[in-house]
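Below is one structure, written out as structure tokens; the observations come after it.
There are 2 protein chains.
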Amino acid sequence: MPRYKVTIAYDGTDFAGFQRQPAQRTIESVLTRVVNKIAKNEAETIEVFGSGRTDSGVHAYGQVVHFDLPFAIPAEGLRHGLNSMFPLDLMAVAVEQVDDDFHSRFNTHGKQYRYKIARNEFVDPFKRRYTYNFKYNLDLELIKTAMKDLIGIHDFTSFAAAGNSTKDFVREIYDVQLIEYPELNEIHFVFNGNGFLYNQVRIMTAVLLEIGTKKRPVHDILRLFEVKNRLEAPLTAPAHGLYLEKVFYDQSDK
Amino acid sequence: MPRYKVTIAYDGTDFAGFQRQPAQRTIESVLTRVVNKIAKNEAETIEVFGSGRTDSGVHAYGQVVHFDLPFAIPAEGLRHGLNSMFPLDLMAVAVEQVDDDFHSRFNTHGKQYRYKIARNEFVDPFKRRYTYNFKYNLDLELIKTAMKDLIGIHDFTSFAAAGNSTKDFVREIYDVQLIEYPELNEIHFVFNGNGFLYNQVRIMTAVLLEIGTKKRPVHDILRLFEVKNRLEAPLTAPAHGLYLEKVFYDQSDK
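Have a look at this one:
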């Protein structure tokens, strides 16, 4: 059975997250339906495997999935087929036939997330689905200093929402950047790491914004690593600012 | 009664156009409800007058409306009040107290519309509500040449959809431009004129795209002015690419 790796982009607004759920429109359920239709498999037994879940409202530029088809289709033809059957808020960016041992979830070396913050006094109607509008003053130098504390191998217990069965809260963050887009009146936080806990990026973003508004001391992240207690970092930045940007499969990617 | 001129922006996707209609969510109905609430006018007798209608799905960066309040409110306070009560797909960009003889519709000297065309092979999920995706090859030089034929005073009968009671189809176009945004993979058509007929911008856009794909000769617009027959230009570019960008009230504006 030929295996395909497909990179997808989606506007998460109208999806109830990635994971298949009864009577909900999710990325996984739409993908599964379309892939089984392309495979002419009425029993819908072909499974689609994602690199990981994204929550309701979270977007993706570069989510990766894989699945097996009963017959080979040229990659470019499959990309056209998928895009012609996908709803307009989902797009196949790239399609590649891969070896049988490729697995979108187990082969990852890491991921990159981007969190987009608009800096307008009022919510821009054209950005309301795609950025988090944060109108308060921010000291960007404080945020840049605090970001460096996130880099490295740490116990992220204080930055993980309850809601899945993870026991191991140690993750490595390779890099964090603040990028300014003055022409858009936006700043983006880009997080690059070997893996992220449930809501981790949104909780880290909320903490960085509290540091930028001087509600927390600049090196409070070091204290949060020590206390290992989510109650010390209770805020979660909203889903609609978050994008899964890249999933890394080669060591050279990161 | 103090009169206010308010410049508004909206994402037209989830509105059934500007004009009030029974049981429909329109710009006018939302504005009327909010303005009467601010005026503490439970009878909802305050009317909101727009510079003109926009169709269902058409966006605005700079639509202009006016209304009278029973008491004066500082302009900046009114802007905050409106934005705190508007839904997130509608925004007050600017508020100004104006003379009693100002009228958003009758005082206009012209308008500027922008039509956004994305040039991707497949619809970008993040642009699907905000651009018309046109994947076919376009000869931009042909379009630029054809655009010059639109400039000036002409009978636009061939470019007007049926559906309102206009008898006079003569309008003046001051300027038309094609602007390329290579970093966005978009081209925009910007139309500047003293007034536009029903669907005129969308029909002109469709004709320009036909010229760009060589389905029409480059100077076919001159023929369309002569024949005065909409059947000769039957296509209408979709609403979601169109933006009302500016409404002009001073001669110096245009």
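If you read the protein sequences in the order shown, they are chains A and C.
For the first sequence, UniProt numbering assigns the number 1 to the initial residue and increments by one for each residue that follows.
For the second sequence, UniProt numbering assigns the number 1 to the initial residue and increments by one for each residue that follows.
Yeah, the Cβ is synthetic: ideal placement off N, Cα and C, and Gly gets one too.
- At least 9 Å separates the beta-carbon of E76 (chain C) from that of V48 (chain C).
- No Cβ-Cβ contact shorter than 9 Å links A239 (chain A) with G52 (chain A).
- Listed as beta-bridge partners of E186 (chain A) by DSSP are A:A118 and A:Y181.
- Residue pairing for I173 (chain A): DSSP places it in a beta bridge opposite A:G152 and A:G193.
- Separation of the CB atoms of G212 (chain C) and I143 (chain C) is rounded to 4 Å, and the pair is thereby assigned contact status at 8 Å.
- Between A146 (chain C) and N194 (chain C), the alpha-carbon positions lie close to 20 Å from each other.
- Annotated as proximal: V176 (chain A) and L150 (chain A), with beta-carbon spacing under 9 Å.
- One Cα belongs to L244 (chain C), the other to A92 (chain C), and the distance between them is close to 15 Å.
- Against chain C, the CB of M91 (chain A) has a partner CB under 9 Å away; the residue lies at that interface.
- Nearest CB-CB separation between L138 (chain C) and chain A: not below the 9 Å threshold.
- By the CB criterion at 9 Å, F106 (chain C) and H154 (chain C) fall outside the cutoff.
- In this structure the stretch 110-122 of chain A does not touch the stretch 27-34 of chain A; the number of beta carbon pairs closer than 8 Å is below three.
- DSSP places H59 (chain A) inside the beta strand (DSSP E), whose first and last residues are H59 to D68.
- In terms of CA proximity to A16 (chain C), C:Q24 leads the group C:Y10, C:V65 and C:Q24.
- Remark: C-beta atoms of Y136 (chain C) and N164 (chain C) do not approach each other more closely than 9 Å.
- L235 (chain A) sits exposed, since fewer than 16 C-beta atoms from the chains shown fall within 10 Å of its C-beta.
- Taking C-alpha positions only, E44 (chain C) is separated from I38 (chain C) by approximately 11 Å.
- For the pair Y181 (chain A) and R114 (chain A), the CB atoms are not nearer than the 9 Å cut-off.
- With a threshold of 16 other beta carbon atoms within 10 Å, A233 (chain C) meets it and is buried.
- According to DSSP, N133 (chain C) shares a beta bridge with C:A118.
- The residues F49 and H66, in chain order, have a CB closer than 8 Å to that of H103 (chain A) in the same chain once the five nearest residues on each side in sequence are set aside.
- In the structure shown, K144 (chain C) falls within a helical segment according to DSSP collapsed to helix, strand and coil.
- In the three-state DSSP reduction, Q21 (chain C) falls in the coil class, being neither helix nor strand.
- By the neighbour-count criterion, in which a residue is buried when 16 or more other Cβ atoms sit within 10 angstroms of its Cβ, F71 (chain C) is exposed.
- For E245 (chain C), the enclosing beta strand (DSSP E) starts and ends at L242 to F248.
- For E210 (chain C) and P125 (chain A), the gap between their C-alpha atoms comes out near 32 Å.
- In this structure, the alpha-carbon of L69 (chain C) lies about 13 Å from that of G81 (chain C).
- A distance of 9 Å or more separates the beta carbons of I187 (chain C) and A237 (chain C).
- Of all residues in the UniProt domain "Pseudouridine synthase I TruA alpha/beta" (8-107) of chain C, only A9, Y10, D11, N83, L88, D89, L90 and M91 place a beta-carbon less than 7 Å from a beta-carbon of chain A.
- For the 9 Å CB-CB criterion, Q200 (chain A) and A160 (chain A) form a contact.
- Per the DSSP secondary-structure output, Y4 (chain C) pairs in a beta bridge with C:F67 and C:Q97.
- In terms of beta-carbon proximity, P125 (chain A) lines the interface with chain C, with at least one pair separated by less than 9 Å.
- Counted as a single uninterrupted DSSP element, the alpha helix (DSSP H) harbouring E28 (chain C) occupies residues I27 to I38.
- Close partners of Y130 (chain A) in chain C (Cβ separation under 7 Å): F126.
- When C-alpha distances from S158 (chain C) are compared across C:Q97, C:L222 and C:D100, the shortest belongs to C:L222.
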